[in-house]
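Residue numbers for the sequence shown follow our numbering, beginning at 1 and rising by one. To keep things clear, I will list the structure first and then write my remarks on it.
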Amino acid sequence: MHEHQSASVSAALLRLVREAIARNGGWLPFDRFMAMVLYAPGLGYYANTGRKFGHLPASGSDFVTAPELSPLFGQALAHQVAQALQATGTDEVWEFGAGSGALAAQLLGSLGASVRRYTIVDLSASLRERQQEALRRWAGQVAWADALPAQMQGVVVGNEVLDAMPVQLLHFGAEGWQERGVVVDNVASAGDPDRRLGDHPASIANHRSASDAAGDGAAFTWADRATTLSAPFESPPPIGTVTEVHAQAEAFIATLAERLTRGAAFFIDYGFPQAEYYHPQRTGGTLMCHRAHCVDADPLADLGLKDITAHVNFTGIALAGQDAGLDVLGYTSQARFLLNCGLGELLQGADVRAAVPAQKLLMEHEMGELFKVIGFAKGGEFDALGFSSGDRSHTL
Ligand SMILES: C[S@@+](CC[C@H](N)C(=O)[O-])C[C@H]1O[C@@H](n2cnc3c(N)ncnc32)[C@H](O)[C@@H]1O
1 MHEHQSASVS AALLRLVREA IARNGGWLPF DRFMAMVLYA PGLGYYANTG
51 RKFGHLPASG SDFVTAPELS PLFGQALAHQ VAQALQATGT DEVWEFGAGS
101 GALAAQLLGS LGASVRRYTI VDLSASLRER QQEALRRWAG QVAWADALPA
151 QMQGVVVGNE VLDAMPVQLL HFGAEGWQER GVVVDNVASA GDPDRRLGDH
201 PASIANHRSA SDAAGDGAAF TWADRATTLS APFESPPPIG TVTEVHAQAE
251 AFIATLAERL TRGAAFFIDY GFPQAEYYHP QRTGGTLMCH RAHCVDADPL
301 ADLGLKDITA HVNFTGIALA GQDAGLDVLG YTSQARFLLN CGLGELLQGA
351 DVRAAVPAQK LLMEHEMGEL FKVIGFAKGG EFDALGFSSG DRSHTL
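Structural data, given as structure tokens:
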């Protein structure tokens, strides 16, 4: 996006958020704020025309994902998808959150005619256009859906989709857990009477000033409210701890479990089991923003111009699936999963230019260890290739 487009996207989102705060009595829970700034039609980070995915900031991109980094990612995952299609007797693939369409191209290129239909479900209309462009070659096989159908069969994949789902923010103070939300910063907005929309109810405590959100002096800031929510720490964490809970991602898995009548599902994302996520030393949570390949911790600034994500609590995801009727096939690191799926052999056959970026998929300090894979089955378990060694389900 050009600079003037970026400024108008941010300013329009700012107005939208201020209106939502006003309609909601002066305070907006963080998950609703996150949903707006990521997905508001035409404006949110994933809905606007910004480039988002790519290798380097010079391309105008903000971050790189595994399928953008190397096609060997999708080629290795294809071995798992092929085995799951065969084991479940299905012939459809469903991809949630397909981004630029890179993973779909890799899977379709490897799986060929064994996939009767490849359906993409993505919240973003602008990304759908990019996906259509990228997948023109497979036009006869690819379909798009706006939401999950009432019933579905096949193998589901999702790379970095769970981390893009809005989270609720919680703060642990002297009063116990409170939910953290967003209010208009009346101090920063005092120059403009029109901005004094969100006089804070007395029960709200402000925590810090946000930076200028639209370059025009308007801003948001944090405020906490009483809540019945809590985070599953084993014992009370240090005062001041901020963390996230993932109701939306868990509800998504539960809905998927109900609607998938037969098949399997594999989700790849960064995150940890619950005991590691809600560890007393993790006092700042995992919420972060990505812009131009830099990371920051201020989601209240530059609305619509940066990605906002939180790590995945894989224990919560596993329980949500199990409670709704899925069997957990396995859980392991991305490195272990991809090696089990034959990435080592693919690397041996690759030239140096292809092998170097693909190594990052495996390296512990890159994507190999922080990223995990969880697999589910519906209608009968099978020994999934990706978890054939190094399964860590017992840590969930
Ligand atoms: C971080 S991007 C990952 C894109 C791609 N999978 C990749 O690895 O490059 C997150 C994607 O998930 C999509 N998304 C977020 N929530 C979704 C949901 N509930 N259903 C479908 N897609 C969703 C976003 O629009 C975006 O395409």
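All C-beta atoms, glycine included, are put in the ideal place defined by N, C-alpha and C. Because the structure is a prediction, the values reported are computed rather than measured.
query                                                                                                            : result
Residue 159: first and last residue of the uninterrupted beta strand (DSSP E) it sits in                         : 152 to 159
Beta-carbon proximity list for residue 385, same chain, < 7 Å, skipping 5 on both sides                          : 79, 80, 83, 340 and 341
Segment limits, beta strand (DSSP E) that includes residue 173                                                   : 168 to 173
Alpha helix (DSSP H) segments (min. 4 residues) lying fully within the stretch 39 to 100                         : 66 to 69 and 71 to 88
Close beta carbons around residue 203, own chain, < 7 Å, minus the five adjacent residues each side              : Model confidence at residue 203 stands at a pLDDT of 38, short of 50, so the residue's coordinates are unreliable; what they give is reported in the following sentence. Contacts found: 225 and 226.
Proximity below 8 Å, CB of residue 286 to CB of residue 170                                                      : no
Distance between beta carbons of residue 134 and residue 105, contact taken as under 8 Å                         : 6 Å
Residue 75, buried or exposed, once every other Cβ within 10 Å from all chains shown has been counted against 16 : buried
Alpha carbon of residue 10 to alpha carbon of residue 53, nearest angstrom                                       : 19 Å
Local conformation of residue 313 per DSSP, three classes                                                        : strand
Contact under 8 Å by Cβ, residue 376 with residue 264                                                            : yes
Three-state secondary structure assigned by DSSP to residue 249                                                  : helix
Alpha helix (DSSP H) segment containing residue 333, residue limits                                              : Unbroken run through residue 333 is the beta strand (DSSP E), 327 to 333; no alpha helix (DSSP H).
Coil, strand or helix - residue 143 by DSSP                                                                      : strand
Check: residue 159 C-beta below 7 Å from any heavy atom of ligand 1                                              : yes
Residue 13: CB within 7 Å of a non-hydrogen atom of ligand 1                                                     : no
Proximity test, residue 224 beta-carbon vs ligand 1 heavy atom, cut-off 7 Å                                      : no
Where the beta strand (DSSP E) through residue 290 begins and ends                                               : 288 to 291
Distance cut-off 7 Å: residue 187 Cβ against heavy atoms of ligand 1                                             : no
N- and C-terminal bounds of the beta strand (DSSP E) containing residue 226                                      : 220 to 226
Contact between the stretch 355 to 366 and the stretch 252 to 262 (3+ Cβ pairs under 8 Å)                        : no
Burial state of residue 239, where buried means 16 or more other Cβ atoms lie within 10 Å                        : exposed
Distance between residue 237 and residue 283 (C-alpha atoms, nearest Å)                                          : 8 Å
As assigned by DSSP and simplified to three states, the class of residue 402                                     : Since the first and last residues shown for the chain are 1 and 396, residue 402 lies out of range.
Contacting residues, own chain, Cβ-Cβ under 7 Å from residue 383 (five flanking each side not counted)           : none
Inter-residue Cα distance where the pair is residue 369 and residue 389                                          : 15 Å
Where residue 191 falls, given that 16 or more other Cβ within 10 Å makes a residue buried                       : In this predicted model, residue 191 has a pLDDT of only 49, less than 50, meaning its place in the structure is not dependable; the value taken from the coordinates is given anyway. Result: exposed.
Host alpha helix (DSSP H) of residue 344 (start-end)                                                             : 343 to 348
Collapsed DSSP secondary structure at residue 255 in the structure displayed                                     : helix
Any non-hydrogen atom of ligand 1 within 7 Å of residue 102 CB                                                   : yes
Classification of residue 316 by the beta-carbon crowding that lies within 10 angstroms, buried from 16 upward   : buried
Proximity of residue 97 and residue 50 at Cβ, strictly below 8 Å                                                 : no
Near ligand 1: residue 123 beta-carbon under 7 Å from a heavy atom                                               : yes
Top-ranked residue by Cα proximity to residue 19, from 36, 7 and 321                                             : 36
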